[in-house]
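Heads up: the structure comes next, in structure tokens.
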Amino acid sequence: MAGATVVFDLDGTMIHTAPDLIRATNHVMAQSNLPAAPADIITPAVSGGARAMITAALHHAGRPPDAVEMEPLLDTFTEFYIANIAEESHPFPGLLDALDYFAAARVFLGVCTNKRHANAELLLETLKLDGYFAAVLGADSLSVRKPHPDHLLTTIARSGGDPARAVMVGDSAPDIEAARAAGIPAIAVTHGYSDDPVESLAPDRIVGDLSELPEVVIALLGKR
């Protein structure tokens, strides 16, 4: 499997970040004198990044997002989140086993996330996972982001890989749609933040534990 590429989404796929993201979003709401939003409102918006989470919370509060200047809210979110980035966030079960396997097998690893690049890098560094990845691309790394295929394809290229021998691992529609548009197999995890059952997204494979990934990647790409 040497020379293959595995690209991961971050939030809800590798790392359980929802509690810290919910706290950051509701900090924004509190600073705006608006009511907090519950987890079931914010969590499905995680795949869209901070703007999507704040927008979901504003809708829940009955405040039209187009009536709010968003940039100051994003700045407030980022400042709070950076200061509290891994208070409760932790890797999902099986992640370290999978990453160690891929590293030993000389598989290129990358991260393609709709989180801001600096926040993604900081989270990986804080959890001591940054050393596994050859490339990390965030929502602001390019002029496009998932589900646009170029976000994924550029991640593969910067990881040193070839799209012909690459897979995408994610938890929500932007991940699966980006992979499909790029012509790359998609593996969905069942523990993520998608508002829809991952089966309805029609990924190529589904895993319930990240430790299953090596076997599934071999099945999709072969042992070469």
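All you need for our numbering is the position in the sequence shown, starting with 1, plus 4. Ideal Cβ positions, reconstructed from N, Cα and C, are used throughout, including at glycine.
Under the rule that a run must span 4 or more residues, the alpha helix (DSSP H) segments found entirely inside the segment 35-86 read 43-46, 54-64. Inter-residue distance for isoleucine 46 and phenylalanine 12 is about 22 Å (C-alpha atoms, whole angstroms).
Counting only unbroken stretches of 3 or more residues, the beta strand (DSSP E) elements lying wholly within the segment 81-124 are 112-116, in sequence order.
Looking at the backbone, the Cα of isoleucine 191 and that of aspartate 213 are separated by about 12 Å.
Counted as a single uninterrupted DSSP element, the beta strand (DSSP E) harbouring alanine 139 occupies residues 139-141. Between methionine 57 and the set Pro201, Val173, Leu205, Ala41, the nearest pair of CA atoms involves Ala41. Apart from sequence neighbours up to five positions away, the residues of its chain that approach arginine 110 with a beta-carbon distance below 6 Å are Ala6, ordered along the chain.
In the DSSP assignment, arginine 209 forms a beta bridge with Ile191. Just so you know, the alpha carbons of alanine 122 and glycine 142 end up roughly 8 Å apart.
Just measuring C-alpha positions, the residue of Leu78, Pro95, Asn88 sitting nearest aspartate 15 is Pro95.
Collapsing the DSSP output to three states places threonine 9 in a strand. By the C-beta density criterion, valine 202 is buried, having at least 16 other C-beta atoms within 10 angstroms.
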